[in-house]
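*Asks:* Structure incoming, see below.
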Amino acid sequence: MLVQCTLMAPAEAQAFEAAIRASGRDPRVFRAQVFEAANDPSPWRRVHVVAPRASAQYEASEGVAWTESFARHLARGLFG
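Anchor point for the sequence shown: position 75 equals 75 in the UniProt record's numbering, and the numbering is continuous, going up by one each time.
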């Protein structure tokens, strides 16, 4: 399986930023990269989120649903 970096869907980007803003944090300090399987019929996608104090990966094959896990991590203080 070949994995490639790809662009985030606009709905995902909006949900990602909204979760950050709702937590009272600055979206400029977070970076997200989307990785997906290339030339593979299975919908394999992961999002890697990096912030100054932590990073995490999220299963993103279902689209925007990963942002809910990200928001929970923000609420629990995973990213500082």
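Even glycine gets a Cβ: it sits at the ideal position worked out from N, Cα and C. This one's a predicted model, so the numbers in the text were calculated from it and none came from an experiment.
In the structure shown, what three-state DSSP assignment does serine 61 receive?
*Replies:* Residue numbering aside, residue 61 sits at position 61 when the sequence shown is read from its first letter. It is coil, neither helix nor strand.
*Asks:* For phenylalanine 70, report the span of its alpha helix (DSSP H) as first-last.
*Replies:* One-based indexing of the sequence shown puts residue 70 at position 70. Segment 66 to 76, the alpha helix (DSSP H) holding phenylalanine 70.
*Asks:* Does the distance from the CB of glutamine 4 to the CB of glutamate 36 come in under 8 Å?
*Replies:* Residue mapping note: residue 4 aligns to position 4 of the sequence shown, counting from 1. Residue mapping note: residue 36 aligns to position 36 of the sequence shown, counting from 1. A contact, by the Cβ cut-off of 8 Å.
*Asks:* Return the first residue and the last residue of the alpha helix (DSSP H) that alanine 15 is part of.
*Replies:* Against the sequence shown, residue 15 aligns to sequence position 15. That run of the alpha helix (DSSP H) goes 10 to 22.
*Asks:* What whole-angstrom Cβ distance do phenylalanine 16 and threonine 67 have, given they're in contact under 8 Å?
*Replies:* Indexing the sequence shown from 1 puts residue 16 at position 16. Indexing the sequence shown from 1 puts residue 67 at position 67. Indeed, because the Cβ distance is near 5 Å, the residues count as touching under 8 Å.
*Asks:* When the distance is taken between beta carbons, is glycine 80 closer than 8 Å to alanine 38?
*Replies:* On the sequence shown, residue 38 is found 38 positions in, with the first residue counted as 1. On the sequence shown, residue 80 is found 80 positions in, with the first residue counted as 1. No, Cβ-Cβ distance for alanine 38 and glycine 80 is not below 8 Å.
*Asks:* If you compare alpha carbons, which of Arg46, Gly63, Ala32, Arg76 is closest to alanine 11?
*Replies:* As a first step, residue 11 must be located in the sequence shown, where it is residue number 11. Per the Cα distances, Gly63.
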